[in-house]
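Our numbering puts the first residue of the sequence shown at 603, with every later residue one more than the last.
Glycine residues also receive a C-beta, built at the ideal position from the N, C-alpha and C atoms.
Values in this document were obtained by computation on a predicted structure and should not be read as measured data.
Report on the structure given below.
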Amino acid sequence: MSEPRDVQEQQEEQNAQQPEPQAAEATQEQDAAPANEDAPVDENAQRIYELETALSEAQATIKEQQDAVLRARAEMENARRRAEGEVEKARKFALERFAGELLPVVDNLERAIEVGDAENEAVKPLLEGVEMTRKTFISSIEKFGLAVVDPQGESFNPDLHQAMSMQESAEHEPNTVMAVMQKGYTLNGRLLRPAMVMVSRAPSDGVDTQA
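So this is what it looks like as structure tokens:
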């Protein structure tokens with residue numbers, strides 16, 4: 603009777619030494635848990651990196667488009683200014699040739715007044731009419747930007763005057779316009795015809811020529 607009990611005791615000891623299935627499964631789950639937790643973290647980091655990269659690319663594209671818009675706007679503004687400048691230039695100087703043809707008319711009117719005898723009562727009314735015509739003519743062309751260059755007594759300016767001769771003079775400073783032979787004209791600030799003048803120079807011997 604003692605032998606069966608020994609077999610039973612050995613069986614119970616073997617069962618006690620073997621781990622329970624549930625405990626083994628729990629241990630395996632614990633060992634696998636860290637690997638499962640790392641996977642979502644890596645996916646989130648990858649997703650964040652992709653989003654940041656896409657954002658950087660989008661910002662770079664927006665910057666390029668903004669620069670392109672600014673360049674196009676600047677080019678349009680420059681083109682508009684150039685067009686306005688060309689129109690303004692054409693408007694200012696469209697009458698240049700026409701005005702140049704009118705200058706001999708003014709010259710003839712002034713010569714008629716200069717040579718006329720203002721003391722002659724018969725000629726005086728005629729000269730007054732010519733002078734009135736000259737003034738009206740000058741006033742009309744001045745409305746279109748024409749200006750008279752009459753430098754009597756002024757310093758010689760090669761940009762506006764043409765020296766026809768030079769004469770020694772102790773009464774005038776050197777390079778002074780002593781006489782205007784023909785008046786000059788400008789059109790909107792641009793020289794149309796230079797004034798023909800006589801210019802003074804210092805006496806060569808330093809002696810007063812009027813003494």
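*In or out: S741 buried (at least 16 other Cβ within 10 Å) or exposed?*
Counting of Cβ neighbours within 10 angstroms places S741 among the exposed residues, the total staying below 16.
*Whether P796 touches V751 by CB criterion (9 Å)*: yes
*asked:* Just to confirm my understanding: we take L794, look at its own chain, exclude 5 residues before and 5 after, and list those with CB closer than 8 Å. What are they?
replied: If you ignore the 5 residues before and after L794, its C-beta comes within less than 8 Å of the C-beta of E698, A701, G702, L705, L748, G786, Y787, T788, all in its own chain and listed in chain order.
*A685 - DSSP class collapsed to helix/strand/coil*: In the structure shown, A685 sits in a helix (DSSP, three-state: H, G or I).
*Within 10 angstroms of the Cβ of I650, are there 16 or more other Cβ atoms? Answer buried if so, exposed if not.*
exposed
*asked:* Short of 7 Å in beta carbon distance, which residues of its chain neighbour K726, apart from the five on each side in sequence? Order them along the chain.
replied: A720
*State the Cα-Cα distance for the pair A692 and Q764, rounded to the nearest angstrom.*
27 Å
*State the Cα-Cα distance for the pair A628 and L653, rounded to the nearest angstrom.*
Residue confidence for A628 is low, a pLDDT of 49 falling below 50, so the modelled location carries little weight; the figure read from the coordinates is stated next. Computed Cα separation, rounded: 38 Å.
_Would you say N777 lies against chain C (beta-carbon separation less than 9 Å)?_
Absent from the structure is chain C; it holds one protein chain and no more.
_Suppose you measure from the CA of S806 to the CA of E770; what does that come to, to the nearest Å?_
Straight through space, the alpha carbons of E770 and S806 are spaced by roughly 8 Å.
*State the beta-bridge partners of S757 as determined by DSSP.*
As DSSP reads the structure, S757 sits in a beta bridge with T778.
*Backbone CA spacing between I743 and R713 [nearest angstrom]*: 19 Å
*Spatial neighbours of H774 in its chain, beta-carbon cut-off 7 Å, leaving aside the 5 residues before and after*: Within the same chain, M780, S802 come within 7 Å of H774 by CB-CB distance, once the 5 residues on both sides are set aside.
*Assigned exposure category for V671 - 16 Cβ within 10 Å defines buried*: Flag for V671 reads exposed.
*Alpha carbon to alpha carbon, what distance is there between M678 and P753?*
44 Å
*Which of helix, strand or coil does DSSP assign to G747?*
coil
*Rounded to whole angstroms, what's the CA-CA distance from I715 to V732? Just pull it up for me.*
7 Å
*For V799, does the count of other Cβ atoms within 10 angstroms reach 16, so buried, or fall short, so exposed?*
Buried: at least 16 other Cβ atoms inside 10 Å.
*Please report how far the alpha carbon of M734 lies from the alpha carbon of R683, in whole angstroms.*
42 Å
*Just grab the DSSP bridge partners of L789 for me.*
L748, R792
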